[in-house]
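Have a look at the structure below, then the notes.
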Amino acid sequence: MCGQCGCGGGAAPEVGATAATPIDAPEATRQLTLQRRLLERNDLQAAANRSHFEQHGLLALNLLSAPGSGKTALLEQLAARWPHPPVGVIVGDLATDNDARRLQAAGARAVQIRTGDLCHLEAHLVERAFAQLDSRGMELLVIENVGNLVCPTGFDLGEHLRLAVLSVTEGEDKPLKYPALFRSADAVLLNKIDLAEAVAFRRDEALANLATIAPAARLFEVSARSGTGLVELIGWLEQQRSQRGLQARAHAHG
Amino acid sequence: MHELALMEELRRLAVQEARAQGASRIHRLRLRIGSQAGVDPEALRQAFAVVMGASDPQGQPEDAELCGRPIALDLDVVPTVCFCPDCAQEFHPADVIHACPRCGALASRILRGRELELVGLEVS
Ligand SMILES: Nc1nc2c(ncn2[C@@H]2O[C@H](COP(=O)(O)OP(=O)(O)O)[C@@H](O)[C@H]2O)c(=O)[nH]1
Ligand SMILES: [Mg+2]
Ligand SMILES: [Zn+2]
Ligand SMILES: [Zn+2]
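Residue numbers (my numbering), protein chains in the order written: chain A, 1 to 254; chain B, 1001 to 1124.
Shown next as structure tokens:
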């Protein structure tokens, strides 16, 4: 069409043929007003995941931190100490499956999501990984997110609680630099507390920063090396389970 | 670059809406982004160019028709609004610390500033 009368003439101008290009009549446009959240599809899947986890009697955690803060090491401790093993873990990692193997060795049932260059997990990836996990008799499911303090923030995975890990070697002002992630956390695990003295960690400053950014978050000072603080963390998680009335299921739901 | 994932979702939504309205071409998109939404406007624009430039990401030729020519992107940035329960008042935080300017209490509720929404489409 020529764009004027609907005659069907006037083939589309060839790219680069500027001299021969007919003057484009301004097309009549119309405005559509709408309100669609970019994360609506992820959020719907996350809600479905959450109710699926609940049908299985699981408390689900989203574990977040920078790379190397000790997420996997903490999960090894948690898997070994959780009173009713096994703990389920879905672990997002770039290429290798080292984390999953480390976790299985610690007694967890672990499924790896190979994220490639993806910088965050999404709810549909978690759904797929969960389908591969035998959750019978399981009470606790932990999703170890990709090591990143920015990108995972907006993506609900279907967790009940978000745990952010900050290690004493990362600097006291990290919560101020990545406020959105720490603000979204229900609990902060201050890890590698065994190294606090060696790195001259300024504890008061770090706690003050955390208190200003995430005033409502629970704080646990822990060490994945020595096991410090794990008893308190486990106690809190068990309390969170019973508050939600979660009961472990011996069989898969129908 | 989670901005890429977000812009792919934007393209999907825009195409869905435009098709539902019987449009044949998208000219302009308007996006509302909260200042707390964890996206960088510049990274978002780059990701938008990548996603809209890809001729056929989902293997759907109709998309290419709708999105084939350059699409303008308008970004409305929504400033953060917090709520102080003690003063029962809304406030705009001065910085990353969300302290109430009246009483100094730290607000844990954010009323606005997390939006990531497609709010307008100009089509023909
Ligand atoms: N000293 C000490 N080292 C730790 C602690 N937690 C983790 N690490 C070490 O920190 C490194 C990164 O830990 P990892 O669990 O792989 O971190 P992730 O990337 O967050 O999963 C490993 O070498 C761990 O052994 C801790 O509490 N104390
Ligand atoms: Mg890890
Ligand atoms: Zn990213
Ligand atoms: Zn106040």
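By construction, the Cβ of each residue, glycine as well, lies at the ideal position given by its N, Cα and C atoms.
{"Check": "Is A:R225 near ligand 1, judged by its Cβ being under 7 Å from some heavy atom?", "Outcome": "yes"}
{"Check": "Rank A:L181, A:I90 and A:P85 by C-alpha distance to the C-alpha of A:T153 and give the top, closest one.", "Outcome": "A:L181"}
{"Check": "Determine, using beta carbons only, whether A:Q35 comes closer than 8 Å to chain B.", "Outcome": "yes"}
{"Check": "Just verifying my parser: in three-state terms, what is the DSSP assignment at A:F201?", "Outcome": "coil"}
{"Check": "Measure from the C-beta of B:V1066 to each C-beta in chain A and report whether the shortest distance is under 8 Å.", "Outcome": "Looking at the sequence shown, residue 1066 of chain B is not Val but Leu. It does not; no Cβ of chain A falls within 8 Å."}
{"Check": "Please state the DSSP three-state secondary structure of B:I1026.", "Outcome": "strand"}
{"Check": "Cα separation between A:E40 and A:F155?", "Outcome": "10 Å"}
{"Check": "What three-state label does DSSP hand A:S51 in the structure shown?", "Outcome": "helix"}
{"Check": "Please compile the residues from chain B whose C-beta is within a distance smaller than 9 Å of the C-beta of A:T212.", "Outcome": "V1096, I1097, H1098, A1099 and L1106"}
{"Check": "Beta carbon of A:T33: closer than 7 Å to some heavy atom of ligand 1?", "Outcome": "no"}
{"Check": "Taking a contact to mean a Cβ-Cβ separation below 8 Å, would you say A:T143 touches A:L63 in this structure?", "Outcome": "Residue 143 of chain A is actually Ile in this sequence, not Thr. Yes."}
{"Check": "Using only the alpha-carbon positions, how far apart do A:N145 and A:S65 sit?", "Outcome": "8 Å"}
{"Check": "Using the three-state DSSP reduction, which class does A:L190 fall into: helix, strand or coil?", "Outcome": "strand"}
{"Check": "Starting from B:Q1021, trace the alpha helix (DSSP H) in both directions and tell me its first and last residue.", "Outcome": "Per DSSP, B:Q1021 belongs to no alpha helix (DSSP H) and is neither H nor E."}
{"Check": "In chain order, which beta strand (DSSP E) runs of at least 3 residues are fully inside the segment 75-146 of chain A?", "Outcome": "88-93, 109-114 and 140-144"}
{"Check": "Please classify B:P1079: is it buried, with 16 or more other beta-carbons within 10 angstroms of its beta-carbon, or exposed?", "Outcome": "exposed"}
{"Check": "Got a list of residues with beta-carbon closer than 5 Å to any non-hydrogen atom of ligand 4, in chain order?", "Outcome": "B:C1084, B:D1086, B:C1087, B:C1100, B:R1102, B:C1103 and B:A1105"}
{"Check": "Chain B partners of A:T29, CB-CB under 7 Å?", "Outcome": "H1027, E1122, V1123 and S1124"}
{"Check": "When burial is assigned at 16 or more other CB atoms within 10 Å of the CB, is A:R128 buried or exposed?", "Outcome": "exposed"}
{"Check": "B:A1037 to B:D1076, Cα distance in whole Å?", "Outcome": "12 Å"}
{"Check": "Any idea what DSSP makes of A:T228, helix, strand or coil?", "Outcome": "coil"}
{"Check": "In this structure, how does DSSP classify A:E14 when only helix, strand and coil are distinguished?", "Outcome": "Residue placement at A:E14 is poorly supported in this model, since its pLDDT is 41, which falls under 50; the coordinates are not used for a value here."}
{"Check": "Does A:P22 have its Cβ less than 8 Å from a Cβ in chain B?", "Outcome": "In this prediction, A:P22 has a pLDDT of 48, which is less than 50 and means its spatial position is unreliable; nothing more can be read from the coordinates."}
{"Check": "Within the 8 Å Cβ cut-off, does B:E1017 reach chain A?", "Outcome": "yes"}
{"Check": "Hey, could you find the ends of the beta strand (DSSP E) B:L951 is sitting in?", "Outcome": "Lying outside 1001 to 1124, the shown extent of chain B, residue 951 of chain B is not represented and no answer is given."}
{"Check": "Looking at the secondary structure, which residues open and close the alpha helix (DSSP H) in which B:Q1046 lies?", "Outcome": "P1041 to G1053"}
{"Check": "When every heavy atom of ligand 1 is checked, does at least one fall within less than 7 Å of the C-beta of A:G229?", "Outcome": "no"}
{"Check": "Compare the C-beta of A:V168 with all C-beta atoms of chain B and state if any pair is closer than 8 Å.", "Outcome": "no"}
{"Check": "Compare the Cα-Cα distances from A:G158 to each of A:A211, A:Y178, A:A60 and A:R102 and report the closest residue.", "Outcome": "A:A60"}
{"Check": "Check B:I1097 in the structure and name its three-state DSSP category.", "Outcome": "coil"}
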